[in-house]
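One structure is given below, encoded as structure tokens.
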Amino acid sequence: MTIVAVEQIGPLNTLKFYQDVCNQVEFYEEMVESIENEWKIQYGLLSGNPTPNRNGGFVPVPMDIVAGRMDKISDNYEQMKQTLEFSKKMKEKAEQILATFDGIKHKIIYCYYVQGMTLKEIATETGYSYDYIKKLKSQIGRELDGEKL
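Using my numbering, the first residue of the sequence shown is number 1362, and each one after it goes up by one.
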């Protein structure tokens, strides 16, 4: 989905998109970290290839195999970093779009799902009662299955 398309899908679908892209960002951050850890392991094998001890210990890995693994890791790393950066841009754009919608329900969506505010904090900020905000938030939750805002 392109950034322009996000602006045309409405508040609830934008929220769904935002939640999906947040999950993507989290996934790709974990993948990048995993690849970085694998790189460190392979680099350790390359720079200080262990020798077996009398009890079996480590099995030495030929340097050409380690270097080949490091090339593959490097390629995957670049792809994951690019995808992560794109996902972060999409997340930022969705946040900007959610912030532009008008009305109390839209304010609740933005404050609750994007800013992570509690319902009490939203009630204080908007000037509405906690019970009213809680009721609207409950409606929003039910409406997430269909565009009704």
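By construction, the Cβ of each residue, glycine as well, lies at the ideal position given by its N, Cα and C atoms.
Check: Along the chain, where does the alpha helix (DSSP H) that runs through Gln1476 open and close?
Finding: For the purposes of this step, residue 1476 is taken as residue 115 along the sequence shown, with counting starting at 1. No alpha helix (DSSP H) contains Gln1476, which DSSP labels as neither H nor E.
Check: Out of curiosity, what's the CA-to-CA distance linking Tyr1404 and Tyr1471?
Finding: Residue mapping note: residue 1404 aligns to position 43 of the sequence shown, counting from 1. Residue mapping note: residue 1471 aligns to position 110 of the sequence shown, counting from 1. Rounded to whole angstroms, the gap between the alpha carbons of Tyr1404 and Tyr1471 is 44 Å.
Check: Hey, out of Phe1378, Tyr1389, Lys1498, Ile1465, whose CA is closest to Gln1517's CA?
Finding: Residue 1517 lies beyond the stretch modelled for the chain, which goes from 1362 to 1510, so this question has no answer here.
Notebook entry, point to check: Where do the ends of the alpha helix (DSSP H) carrying Gly1502 lie?
Noted result: Translated into positions along the sequence shown, residue 1502 becomes position 141. Run containing Gly1502: 1491–1504, per the alpha helix (DSSP H) assignment.
Note to self: Let's see if you can read the secondary structure: which residues bound the alpha helix (DSSP H) around Phe1447?
What the structure shows: Within the sequence shown, residue 1447 is the residue found at index 86, counting from 1. 1424–1461 is the span of the alpha helix (DSSP H), which, as asked, contains Phe1447.
Checklist line | Stretch pair the stretch 1373–1389 + the stretch 1435–1454: three plus CB contacts closer than 8 Å | finding: In this structure the stretch 1373–1389 lies against the stretch 1435–1454, because at least three pairs of beta carbons, one per stretch, are closer than 8 Å.
Notebook entry, point to check: Using a Cβ-Cβ cut-off of 6 Å (strictly less than) and excluding sequence neighbours within five positions of Phe1462, which residues of its own chain qualify?
Noted result: Walking along the sequence shown from the start, residue 1462 turns up at place 101. Cβ within range, chain order: Pro1372.
Margin query: Can you look up Gly1361 in the DSSP assignment and give me helix, strand or coil?
Written below: Residue 1361 cannot be examined here, being either before or after the span of the chain that is shown, 1362 to 1510.
Checklist line | As assigned by DSSP and simplified to three states, the class of Gly1371 | finding: Here residue 1371 corresponds to residue number 10 of the sequence shown, with the count starting at 1. For Gly1371, the three-state secondary structure derived from DSSP is coil.
Checklist line | For Gly1464, the three-state DSSP class (helix, strand or coil) | finding: One-based indexing of the sequence shown puts residue 1464 at position 103. Three-state result, Gly1464: coil.
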